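Working notes for the structure below.
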Amino acid sequence: MSHGLVLGKFYPPHAGHHHLIRSAAAKCDHLTVLVCASTVESIPLETRVRWLREEHPDAEVVGTVDDVPVDYADPAIWAAHMAVFRAAVPAPVDVVFTSEHYGDELARRFGAVHVPVDPARGTFPVSGTAVRADPAANWHFLSPAVRAGLARRVVVVGAESTGTTTMARALARHYRRRGGAWASTRWVPEYGRAYSEEKLTALRAADPAATWADAEFTTGEFPLIAARQNADEDRAARLGSPVLFCDTDSFATSVWHERYVGGPHPGVLKIAEEAEHHLWLLTDHVDVPFEDDGLRDGEHLRPWMTGRFREELERTGRPHILLTGSHRRRLAAAVRAVDALLAGWRFTAPLAESGLPERRYPEGDDESGAG
Numbered sequence: 001m002s003h004g005l006v007l008g009k010f011y012p013p014h015a016g017h018h019h020l021i022r023s024a025a026a027k028c029d030h031l032t033v034l035v036c037a038s039t040v041e042s043i044p045l046e047t048r049v050r051w052l053r054e055e056h057p058d059a060e061v062v063g064t065v066d067d068v069p070v071d072y073a074d075p076a077i078w079a080a081h082m083a084v085f086r087a088a089v090p091a092p093v094d095v096v097f098t099s100e101h102y103g104d105e106l107a108r109r110f111g112a113v114h115v116p117v118d119p120a121r122g123t124f125p126v127s128g129t130a131v132r133a134d135p136a137a138n139w140h141f142l143s144p145a146v147r148a149g150l151a152r153r154v155v156v157v158g159a160e161s162t163g164t165t166t167m168a169r170a171l172a173r174h175y176r177r178r179g180g181a182w183a184s185t186r187w188v189p190e191y192g193r194a195y196s197e198e199k200l201t202a203l204r205a206a207d208p209a210a211t212w213a214d215a216e217f218t219t220g221e222f223p224l225i226a227a228r229q230n231a232d233e234d235r236a237a238r239l240g241s242p243v244l245f246c247d248t249d250s251f252a253t254s255v256w257h258e259r260y261v262g263g264p265h266p267g268v269l270k271i272a273e274e275a276e277h278h279l280w281l282l283t284d285h286v287d288v289p290f291e292d293d294g295l296r297d298g299e300h301l302r303p304w305m306t307g308r309f310r311e312e313l314e315r316t317g318r319p320h321i322l323l324t325g326s327h328r329r330r331l332a333a334a335v336r337a338v339d340a341l342l343a344g345w346r347f348t349a350p351l352a353e354s355g356l357p358e359r360r361y362p363e364g365d366d367e368s369g370a371g
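Residue 1 is where the sequence shown starts when you use UniProt numbering, and the numbers rise one by one after that.
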């Protein structure tokens, strides 16, 4: 029974990595994929392992921290790396699959055969370096799980009838018009509203004369709403562009719990911390007429809600801006803020490499293992 090995940083995983892994899996009985992450890198090791396990369920994906300097001409450094590799993969290795010049030496040190896979990167002209330098330009090389993990998530929050849905929808439309990777930009509706509609429908099934004023919320409903909101976002992010717009989020659900039930809900707060967002756009209630659509009853609470959102955003250190004025002015301000967020999208550099023979890498690829 042959044991194959693929190793690399996978920072982040892309189509070239998946091609390497699938090619290797077809040529051995058991394949181990070793993710070697440095502590200086900004995508956590466990995240990369999770992404690869989803994409390659038949491979054994394991991870290790490797902070040893990278110098392919130094035997002592080679030995230090091999100690890390063998601790993570103690079983004997028969075949090592790489796309790298140093693949022969790596295989020799494992006592294995080296099988090169597309060393010219002709099948998928992409590299981890290229993805980190310009995620949007290389978005089509990323799997759904990686897209969901990397997408910049922008949340629109605000009191009742302040235009959060209108803004989220308008922003998605604006970025879709940019084409390319942006053409798949999505927005995620507020699940709490759908839940409220179902609640009112159930009330009216029992009493056709029921109105929203007859509805009551219990504290136990809010964790369900928050968790569903997170799940809806994750599904949309897997299929969307480098930016996702959310009409409220699980953090906002905690403020709505305070409004309807009173006080914070620890469970909702915990769920909110599980979701990663990058920018909040707070829609001011001023200059926005209140529209009663049958599910709203808090016109008098709008100033308080705006204040609470702002207080909680500031208290928790969430980056945010306040959208004021006309819809056109608000949209322009939101686009500027989102563009600034995207322009500041950065990954920390991996450990520098030395001792490699000179070669031409696609898009500046200079990565070890599978990159």
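Glycine residues also receive a C-beta, built at the ideal position from the N, C-alpha and C atoms. Note that the coordinates shown come from a computational prediction; the quantities given were computed from them, not determined experimentally.
Leaving out the 5 sequence neighbours to the left and right, which residues in its chain are closer than 7 angstroms to residue i when beta-carbon positions are compared?
i	result
Leu203	Ala210, Asp214, Ala215
Tyr361	Confidence at Tyr361 is low in this model, with a pLDDT of 36, below 50, so the placement of that residue should be treated as unreliable; the coordinate-derived value is given next. If we look at Tyr361 and ignore the five residues flanking it on each side, its Cβ neighbours are Ser127.
Asp366	Confidence at Asp366 is low in this model, with a pLDDT of 41, below 50, so the placement of that residue should be treated as unreliable; the coordinate-derived value is given next. Cβ neighbours of Asp366 beyond the five flanking positions: Thr129, Glu353.
Leu351	Ser38, Val40, Pro69, Val70
Met1	Asp29, His30
Val93	His3, Leu5, Phe110, Ala112
Ala91	His3
Tyr191	Ile225, Arg228, Gln229, Asp232
Glu54	Ala145
Which residue's Cα is closest to the Cα of residue i: the options?
i	options	result
Glu353	Asp74, Thr123, Leu5	Asp74
Arg302	Arg121, Glu160, Gly63, Val89	Glu160
Leu224	Pro289, Arg121, Val268, Glu190	Val268
Leu5	Trp51, Gly63, Arg310, His14	Gly63
Leu313	Phe251, Ala333, His265	Phe251
Thr248	His174, Trp139, Pro289, Thr162	Thr162
Leu342	Tyr175, Arg315, Phe217	Tyr175
residue 374	Gly103, His265, Asp66, Ala133	Not covered by the structure: residue 374. The range shown for the chain is 1 to 371.
Ala333	Leu171, Pro90, Asn230	Leu171
Gly220	Ala206, Glu258, Ala183	Glu258
Tyr72	Glu54, Asp104, Arg50	Asp104
Trp304	Gly158, Glu54, His17	Gly158
Asn230	Asp339, Ala205, Glu273	Glu273
Thr306	Gly317, Arg336, Thr316, His285	His285
Val335	Pro125, Arg173, Tyr191	Arg173
Thr218	Lys27, His265, Ala205	His265
Trp345	Lys27, Asp134, Asp58, Ala76	Asp134
Asp339	Arg315, Arg178, Lys27	Arg178
Go through its chain and collect everything with a Cβ distance to residue i's Cβ below 6 angstroms, but skip five positions before and after it.
i	result
Ala136	Ala181, Pro242
Ala227	Ile271
His81	Val68
Thr123	His19
His140	none
Thr165	Asp247
Ala183	Arg176
His114	Val96, Gly103, Asp104, Ala107
Here's a check: name, in chain order, each residue in its chain whose Cβ is nearer than 8 angstroms to the Cβ of residue i, leaving out the five neighbours to either side.
i	result
Thr348	Val40, Glu41, Ser42
Glu60	His30, Leu31, Thr32, Val33
Arg238	Pro144, Ala145, Arg147, Ala148
Arg117	Looking at the sequence shown, residue 117 is not Arg but Val. Excluding sequence neighbours, Val117 sits near His19, Leu20, Ser23, Ala24, Phe97, Thr98, Ser99.
Leu295	With a pLDDT of 49 at Leu295, under the threshold of 50, the modelled position of that residue is not reliable, and the figure given next carries that caveat. Only Arg193, Ser196, Glu197, Leu200, Trp212 meet the Cβ criterion.
Asp287	Thr324, Gly325, Ser326
Ala151	Ala237, Gly240, Ser241, Pro242, Val243, Leu244
Pro12	Ile43, Arg48, Trp51, Gly128, Val131, Arg132, Leu142, Val146, Gly149, Leu150
Asp207	Asp214
Trp78	Tyr72, Glu105, Arg109
So residue i and residue j are in contact, right, with Cβ under 8 angstroms, and what is the actual spacing, rounded?
i	j	result
residue 372	Val156	Residue 372 lies beyond the residue range present for the chain, which begins at 1 and ends at 371; the question has no answer from this structure.
Val154	His278	7 angstroms
Asp233	Val188	In the sequence as displayed, the identity of residue 233 is Glu instead of Asp. About 5 angstroms separates the two Cβ atoms, so the contact holds.
His14	Gly128	7 angstroms
Phe222	Thr185	That belief does not hold up - the Cβ atoms of Phe222 and Thr185 are roughly 29 angstroms apart, past 8 angstroms.
Arg308	Val255	5 angstroms
Leu52	Phe10	6 angstroms
Glu299	Phe290	4 angstroms
Arg121	Gly16	6 angstroms
Would you say the beta carbon of residue i comes nearer than 8 angstroms to a heavy atom of the ligand NAP?
i	result
Thr248	This structure lacks the ligand NAP, and indeed carries no ligand of any kind.
Validate contact between the stretch 20-38 and the stretch 107-114 using beta carbons, cut 8 angstroms, 3 pairs: no
Segment contact flag, the stretch 325-345 with the stretch 43-54, C-beta cutoff 8 angstroms, min 3 pairs: no
Secondary structure, alpha helix (DSSP H): runs of 4+ residues fully inside the stretch 146-196: 164-176
Three CB pairs or more closer than 8 angstroms across the stretch 303-322 and the stretch 281-290: yes
Length at least 3, wholly inside the UniProt domain "Cytidyltransferase-like" (6-132): the beta strand (DSSP E) runs in chain order: 30-37, 60-65, 95-98, 113-116
Runs of beta strand (DSSP E) lying entirely within the stretch 267-296, each at least 3 residues, in chain order: 279-283
Continuous beta strand (DSSP E) assignments of at least 3 residues falling wholly in the stretch 293-347: 320-323
Segments assigned alpha helix (DSSP H), at least 4 residues, entirely inside the stretch 217-244: 221-239
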